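**Student:** Read top to bottom, the protein sequences are chains A and B. Under our numbering, the letters of the first sequence match residues 161 to 504, in that order. Under our numbering, the letters of the second sequence match residues 13 to 352, in that order. All C-beta atoms, glycine included, are put in the ideal place defined by N, C-alpha and C. As the structure is a computational prediction, the values presented were derived from the model and not from experiment. I have a structure here, written as structure tokens, and I will follow up with some questions on it.
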Amino acid sequence: MKRVLSTIIAVVLVLTTLVGCGGTPGKPAAGQNAKAKYALIVKSTGNPFMEKMAEGFKKAVEEVGGEVINKAPDQPTAEAQIQMIEELISQKVSAIAISANDPDALQPALKKAMDAGIKVLSLDSAVNKDSRIVHIQQADPEQIGRVLVQSAVEMIGGSGEISVLSATSQATNQNTWIEWMKKELEDSKYKDVKLVKVAYGDDLRDKSVSETEGLLKTYPDLKAIIAPTTVGIAAAGKVLTDKSLKDKVYLTGLGLPSEMSEYIESGVCPWMYLWNPIDLGYLAGYAADALAKGTITGKEGDKFTAGTLGEKSVSNADDGGTEIMLGAPFKFDADNIGEWKSVY
Amino acid sequence: MEHREIIAKKQFDLKAFFFQWEWILVLLLIIVNIINSSISPYYMDLKSLMDATMTFLDRAFIVLPIAFVMILGDIDVSVASIVALSSVVMAVSYNGGAPMPVAMIICLMVGTLCGLMNGMLIVKFKELPAAIITISTQIIYRGIAYIILEDQSSGNFPDWYQALGWGYVAGIPIMLLVFAVFAVLYGLLLHKTTFGRSVYAIGNNITASRFSGLKVDKIKVVVFTLAGFMSAVTALFLTSRMGSTRPNVATNYEIDAIAMVVLGGVSASGGRGRIIGTIISIFLVGLLRYGLGLVNVNAQIMLIVIGLLLVFAVMISNLQVKRSGLQYKNMKVQKAENEN
Numbered sequence: 161m162k163r164v165l166s167t168i169i170a171v172v173l174v175l176t177t178l179v180g181c182g183g184t185p186g187k188p189a190a191g192q193n194a195k196a197k198y199a200l201i202v203k204s205t206g207n208p209f210m211e212k213m214a215e216g217f218k219k220a221v222e223e224v225g226g227e228v229i230n231k232a233p234d235q236p237t238a239e240a241q242i243q244m245i246e247e248l249i250s251q252k253v254s255a256i257a258i259s260a261n262d263p264d265a266l267q268p269a270l271k272k273a274m275d276a277g278i279k280v281l282s283l284d285s286a287v288n289k290d291s292r293i294v295h296i297q298q299a300d301p302e303q304i305g306r307v308l309v310q311s312a313v314e315m316i317g318g319s320g321e322i323s324v325l326s327a328t329s330q331a332t333n334q335n336t337w338i339e340w341m342k343k344e345l346e347d348s349k350y351k352d353v354k355l356v357k358v359a360y361g362d363d364l365r366d367k368s369v370s371e372t373e374g375l376l377k378t379y380p381d382l383k384a385i386i387a388p389t390t391v392g393i394a395a396a397g398k399v400l401t402d403k404s405l406k407d408k409v410y411l412t413g414l415g416l417p418s419e420m421s422e423y424i425e426s427g428v429c430p431w432m433y434l435w436n437p438i439d440l441g442y443l444a445g446y447a448a449d450a451l452a453k454g455t456i457t458g459k460e461g462d463k464f465t466a467g468t469l470g471e472k473s474v475s476n477a478d479d480g481g482t483e484i485m486l487g488a489p490f491k492f493d494a495d496n497i498g499e500w501k502s503v504y
Numbered sequence: 013m014e015h016r017e018i019i020a021k022k023q024f025d026l027k028a029f030f031f032q033w034e035w036i037l038v039l040l041l042i043i044v045n046i047i048n049s050s051i052s053p054y055y056m057d058l059k060s061l062m063d064a065t066m067t068f069l070d071r072a073f074i075v076l077p078i079a080f081v082m083i084l085g086d087i088d089v090s091v092a093s094i095v096a097l098s099s100v101v102m103a104v105s106y107n108g109g110a111p112m113p114v115a116m117i118i119c120l121m122v123g124t125l126c127g128l129m130n131g132m133l134i135v136k137f138k139e140l141p142a143a144i145i146t147i148s149t150q151i152i153y154r155g156i157a158y159i160i161l162e163d164q165s166s167g168n169f170p171d172w173y174q175a176l177g178w179g180y181v182a183g184i185p186i187m188l189l190v191f192a193v194f195a196v197l198y199g200l201l202l203h204k205t206t207f208g209r210s211v212y213a214i215g216n217n218i219t220a221s222r223f224s225g226l227k228v229d230k231i232k233v234v235v236f237t238l239a240g241f242m243s244a245v246t247a248l249f250l251t252s253r254m255g256s257t258r259p260n261v262a263t264n265y266e267i268d269a270i271a272m273v274v275l276g277g278v279s280a281s282g283g284r285g286r287i288i289g290t291i292i293s294i295f296l297v298g299l300l301r302y303g304l305g306l307v308n309v310n311a312q313i314m315l316i317v318i319g320l321l322l323v324f325a326v327m328i329s330n331l332q333v334k335r336s337g338l339q340y341k342n343m344k345v346q347k348a349e350n351e352n
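Quick look at the structure:
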């Protein structure tokens with residue numbers, strides 16, 4: 161019994177010391193309330209695209225003199241994001257920018273945030289129009305969907321089986337692109353091309369790897385994989401390289417140059433597309449600030465200056481809400497990958 | 013019976029009373045609150061704290077019956093899948109035209125049925141441990157959910173349904189009130205009824221219990237059915253909070269629930285533990301997570317902190333059992349008695 165007692169006393173002592181340490185930095189934090197807080201919630205940790213986006217967001221917020229809060233759940237689920245939104249409401253932040261794991265499931269939480277006076281915007285993966293003030297659109301979804309199908313068809317020479325390796329089944333952005341891919345495939349010139357399956361790797365590296373292996377096993381005649389997600393395309397590139405399927409199964413999609421340079425140079429992935437995630441986060445940071453300061457209200461036609469990106473304007477989105485467009489998707493191939501791989 | 017009561021009375025002393033695991037949990041809870049309020053100026057705010065309880069109480073409903081299951085010496089890892097399946101069936105039947113209250117009843121029925129199925133399988137195939145059976149049903153239930161919704165989400169619930177997960181009555185979250193009612197009910201069931209005493213007896217020595225005329229199979233089926241029912245209750249609240257559902261909701265909820273039960277002082281080998289401990293540990297983990305979230309600690313570090321807390325808890329509770337010879341002797345006496 162004595163030993164139990166002494167253990168407990170020791171533990172309490174250690175913990176109270178910790179409290180003492182924790183208390184000191186806590187106090188000045190309370191006094192710094194004057195600085196506006198801008199929060200970013202990304203889809204999950206360990207996603208390089210999200211990390212680059214967060215980097216851009218941080219840069220913009222620091223330029224406007226705000227404080228950045230960056231949150232990343234350990235699993236790409238809406239449940240985890242709801243919890244983070246609650247924590248941010250308690251911290252009385254000025255704006256929340258979110259890349260959603262589910263377009264509808266966050267609605268009650270985000271509505272609560274907006275009722276508390278917090279400006280809510282989505283970026284990368286949108287929430288529905290009632291859950292946000294404005295969405296930061298990376299590139300025209302129609303263009304992305306169509307261009308990816310055109311690329312894959314060109315790689316396989318006009319006929320054969322293709323498949324899609326997506327992120328989670330609820331990811332708004334990927335689903336919109338896949339819709340456009342299907343619309344593009346309805347064209348009669350693609351009558352020899354068959355989309356056999358849309359697989360979901362959930363933006364988790366191991367699941368994306370096993371889904372790719374599953375696709376290759378189930379469809380031995382598969383000729384191309386379109387992976388409109390940076391985690392998925394890198395995982396697929398690795399699987400195709402390991403199985404030496406270069407020139408047998410082609411890979412294209414949306415990928416980070418730094419992660420994909422190896423596969424683009426080797427020819428496993430002849431070319432791919434992406435926009436600059438740093439710019440995307442940067443634009444979101446400036447939009448958050450403009451909303452918080454009242455420069456824009458998220459209505460169509462609103463204009464503001466987004467740092468080095470220049471003047472940006474709010475336009476109507478397909479879902480009935482509004483959006484701010486970043487630009488067109490950029491093509492990365494063997495010729496230009498060298499100069500981009502060190503950038504992001 | 014007489015004899016045992018005398019032993020119990022002899023053993024009561026103040027020191028032993030205060031060295032119970034539950035007191036250590038209370039102490040930890042206090043420490044966590046002190047740390048939280050000193051690291052974040054936003055922590056000590058009643059309204060925010062009330063809001064915070066809603067972020068972790070959804071899974072707390074499963075913790076209560078899981079405590080029963082673990083006191084029985086069994087384990088149920090299928091609960092998260094039952095949450096997903098009952099939530100998905102509710103959404104599909106609502107969108108298929110059923111009125112919301114009917115859909116909610118269907119949800120509860122699906123959960124109860126899944127639990128009943130678990131229980132029946134477990135008593136039918138006695139040679140298989142509950143862990144193996146519930147691992148199988150875990151896959152089956154979630155599989156059915158995937159077949160129904162095919163990786164899509166379903167929602168569009170009426171506005172009033174959202175109040176379940178987000179609403180307040182007299183400043184207290186509806187969820188917290190409902191949880192309090194269930195907590196009291198489960199506490200009474202475990203500690204004040206013959207049913208509860210039978211659960212302990214089975215957990216301590218199943219063979220002896222069977223020979224003493226306890227309806228072991230029936231009790232097991234009831235406990236697993238309760239776990240299914242409470243999973244459906246979790247589904248009701250979780251779906252309300254999310255506004256829509258999909259087949260992969262509540263992933264890892266079974267791990268969370270088991271962890272909280274173990275932290276609450278329930279022995280993994282059965283026969284020991286109390287409801288109050290598990291309730292304190294729900295709040296302990298929930299508030300710790302919320303506090304760390306308020307200072308924006310990153311997700312992996314948060315997992316490590318909670319993992320350390322669990323290791324610490326298991327260490328202390330082992331130490332406690334080893335050290336307190338009285339308790340050990342008492343267990344022996346009880347076991348011997350049961351065997352007779």
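Who are the neighbours of B:N45 on chain A, taking C-beta pairs under 7 Å?
**Tutor:** Along the second sequence, read from residue 1 onward, the residue named residue 45 of chain B stands at position 33. Under the 7 Å cutoff, chain A gives no residues; its nearest Cβ is about 10 Å from B:N45.
**Student:** Taking CB distances under 8 Å as the criterion, tell me whether B:A20 reaches chain A.
**Tutor:** Locating residue 20 of chain B in the second sequence gives position 8, where the first residue counts as 1. Caution applies to B:A20, whose pLDDT of 48 falls short of 50 and renders its modelled position unreliable; the model cannot decide the point.
**Student:** Which of the three DSSP states is assigned to A:E346 in this structure?
**Tutor:** Translated into the one-based positions of the first sequence, residue 346 of chain A becomes position 186. Residue state, collapsed to three classes: coil.
**Student:** Expressed to the nearest angstrom, what Euclidean distance is found between the alpha-carbon atoms of B:M132 and A:K289?
**Tutor:** Within the second sequence, the letter at position 120 stands for residue 132 of chain B. Within the first sequence, the letter at position 129 stands for residue 289 of chain A. Rounded to whole angstroms, B:M132 to A:K289 spans 47 Å at the Cα level.
**Student:** According to DSSP, is A:M485 helix, strand or coil?
**Tutor:** Here the question's residue 485 of chain A lines up with position 325 in the first sequence. It is a strand residue.
**Student:** Helix, strand or coil: which one does DSSP assign to A:Q297?
**Tutor:** Indexing the first sequence from 1 puts residue 297 of chain A at position 137. Residue state, collapsed to three classes: strand.
**Student:** For B:T124, which residues of its own chain have a beta-carbon under 7 Å away from its beta-carbon, when the five flanking residues on both sides are left out?
**Tutor:** As a position in the second sequence, residue 124 of chain B is number 112, starting the count at 1. Around B:T124: T237, G240, F241 and A244.
**Student:** So is A:T468 buried or exposed if we call it buried at 16+ other beta carbons inside 10 Å?
**Tutor:** Walking along the first sequence from the start, residue 468 of chain A turns up at place 308. Burial call: exposed.
**Student:** Name, please, each residue of chain A whose Cβ falls closer than 9 Å to the Cβ of B:T263.
**Tutor:** Here residue 263 of chain B corresponds to residue number 251 of the second sequence, with the count starting at 1. The answer, in chain order, is Q235, T237 and E239.
**Student:** At which residues does the alpha helix (DSSP H) containing B:S105 begin and terminate?
**Tutor:** Taking the second sequence and counting its residues from 1, one reaches residue 105 of chain B at position 93. Where B:S105 is concerned, the enclosing alpha helix (DSSP H) stretches over V91 to N107.
**Student:** Just to confirm my understanding: we take A:G361, look at its own chain, exclude 5 residues before and 5 after, and list those with CB closer than 6 Å. What are they?
**Tutor:** Counting from 1 along the first sequence, the entry for residue 361 of chain A is found at position 201. Within the same chain, A:G361 has close Cβ partners L325, K367, S368, E371 and G392.
**Student:** Is the shortest distance between the beta-carbon of B:Q372 and the beta-carbons of chain A less than 8 Å?
**Tutor:** Absent from the model: residue 372 of chain B. The displayed extent of chain B is 13 to 352, so no value can be given.
**Student:** List, in order along the chain, the chain A residues whose C-beta lies closer than 7 Å to that of B:T246?
**Tutor:** Here the question's residue 246 of chain B lines up with position 234 in the second sequence. In chain order: nothing, as chain A lies at least about 12 Å away.
**Student:** Within the 8 Å Cβ cut-off, does B:R286 reach chain A?
**Tutor:** Along the second sequence, read from residue 1 onward, the residue named residue 286 of chain B stands at position 274. No, no contact with chain A.
**Student:** I believe A:A452 touches A:K231 by the beta-carbon criterion, under 8 Å. Please report the beta-carbon distance rounded to the nearest angstrom.
**Tutor:** One-based indexing of the first sequence puts residue 452 of chain A at position 292. One-based indexing of the first sequence puts residue 231 of chain A at position 71. About 18 Å separates the two Cβ atoms, so there is no contact after all.
**Student:** Go ahead and pull the three-state DSSP assignment for A:S475.
**Tutor:** On the first sequence, residue 475 of chain A is found 315 positions in, with the first residue counted as 1. Here A:S475 sits in strand by DSSP.
**Student:** Kindly list the residues whose CB is nearer than 8 Å to the CB of A:I296, restricted to its own chain and excluding five residues on each side of it in sequence; keep chain order.
**Tutor:** By one-based count along the first sequence, residue 296 of chain A stands at place 136. Excluding sequence neighbours, A:I296 sits near A257, L281, S282, L283, D284, L440, L443, A444, A447, E483, I484 and L486.
**Student:** Could you work out which residue in A:E223, A:S254, A:I424 and A:Q241 is closest to A:Y198 when comparing CA atoms only?
**Tutor:** Stepping through the first sequence from its first residue, residue 198 of chain A is reached at position 38. Minimum Cα distance to A:Y198 is reached at A:S254.
**Student:** Which residues in chain B have a C-beta closer than 9 Å to the C-beta of A:K231? List them in chain order.
**Tutor:** Position 71 of the first sequence, counting from 1, holds the residue named residue 231 of chain A. Those are G305, N308, N310 and A311, listed as they occur along chain B.
**Student:** Scan the region 194 to 232 of chain A and note each continuous alpha helix (DSSP H) run of 4 residues or more that stays entirely inside, going in chain order.
**Tutor:** Within the region 194 to 232 of chain A, the complete alpha helix (DSSP H) runs of at least 4 residues are 208 to 223.
**Student:** Which residues of chain A have a Cβ atom closer than 7 Å to the Cβ of B:A115, listed in chain order?
**Tutor:** Here residue 115 of chain B refers to the residue found at position 103 of the second sequence. What B:A115 touches in chain A: nothing, since even the nearest Cβ is about 17 Å away.
**Student:** Taking DSSP as the reference, what is the three-state secondary structure of B:V190?
**Tutor:** Residue numbering aside, residue 190 of chain B sits at position 178 when the second sequence is read from its first letter. It is helical.
**Student:** Can you tell me whether B:P12 is buried or exposed, with buried defined as 16 or more other CB within 10 angstroms of its CB?
**Tutor:** Because chain B here runs from 13 to 352, residue 12 of chain B falls outside it and cannot be looked at.
**Student:** Against chain B, with Cβ distances strictly below 8 Å, would A:Q330 count as a contact?
**Tutor:** For the purposes of this step, residue 330 of chain A is identified with residue 170 of the first sequence, where counting begins at 1. It does: the Cβ of A:Q330 has a partner Cβ on chain B nearer than 8 Å.
**Student:** Find the residues of chain A that neighbour B:S93, judging by a C-beta separation of less than 9 Å, and give them in chain order.
**Tutor:** Here residue 93 of chain B refers to the residue found at position 81 of the second sequence. Ordered by position in chain A, no residue passes the 9 Å Cβ test against B:S93, which lies about 15 Å from the chain.
**Student:** Helix, strand or coil for A:D493, going by three-state DSSP, please let me know.
**Tutor:** Indexing the first sequence from 1 puts residue 493 of chain A at position 333. Three-state result, A:D493: strand.
**Student:** Measure from the alpha carbon of B:A247 to the alpha carbon of each residue in B:C119, B:V114, B:L84 and B:F169, then state which is nearest.
**Tutor:** Position 235 of the second sequence, counted from the first residue, corresponds to residue 247 of chain B. Answer by Cα proximity: B:C119.
**Student:** Report whether the distance from the Cβ of B:L189 to the nearest heavy atom of the ligand SAH is below 7 Å.
**Tutor:** The model on display carries no ligand, and the ligand SAH is accordingly not part of it.
**Student:** Who are the near neighbours of A:A359 in its chain, counting only those whose CB is closer than 8 Å to its CB and skipping five residues on each side?
**Tutor:** By 1-based counting over the first sequence, the position of residue 359 of chain A is 199. Around A:A359: S323, V324, L325, S326, E371, T372, G374 and L375.
**Student:** Can you tell me which of the three DSSP states B:F4 falls into?
**Tutor:** Any property of residue 4 of chain B remains undetermined from this structure, which presents chain B solely from 13 to 352.
**Student:** Please list the terminal residues of the continuous alpha helix (DSSP H) segment that includes A:L400.
**Tutor:** Numbered from its first residue, the first sequence carries residue 400 of chain A at position 240. Taken as a continuous stretch (DSSP letters only), the alpha helix (DSSP H) holding A:L400 covers T390 to D402.
**Student:** Looking at the structure shown, is B:V323 part of a helix, part of a strand, or coil, going by DSSP?
**Tutor:** In the second sequence, residue 323 of chain B corresponds to position 311, counting from 1. Three-state result, B:V323: helix.
**Student:** Mind checking A:M244: buried by the 16 CB within 10 Å criterion, or exposed?
**Tutor:** The sequence position of residue 244 of chain A within the first sequence is 84, counting from 1. Looking at its Cβ environment, which holds 16 or more other Cβ atoms inside 10 Å, A:M244 is buried.
**Student:** What's the C-alpha gap between B:E139 and B:V100?
**Tutor:** Here residue 139 of chain B refers to the residue found at position 127 of the second sequence. Here residue 100 of chain B refers to the residue found at position 88 of the second sequence. Whole-angstrom Cα-Cα distance: 33 Å.
**Student:** Going residue by residue through the region 220 to 301 of chain B, where are the continuous alpha helix (DSSP H) segments of at least 4 residues, counting only ones entirely within it?
**Tutor:** If we require 4 residues or more, the alpha helix (DSSP H) runs fully inside the region 220 to 301 of chain B come out as 228 to 254 and 265 to 275.
**Student:** Assuming B:S93 and B:V122 make a contact with CB atoms under 8 Å, what is their CB distance in whole Å?
**Tutor:** Reading the second sequence from its first residue, position 81 is the one you call residue 93 of chain B. Reading the second sequence from its first residue, position 110 is the one you call residue 122 of chain B. In fact, because the Cβ distance is near 11 Å, the residues do not count as touching under 8 Å.
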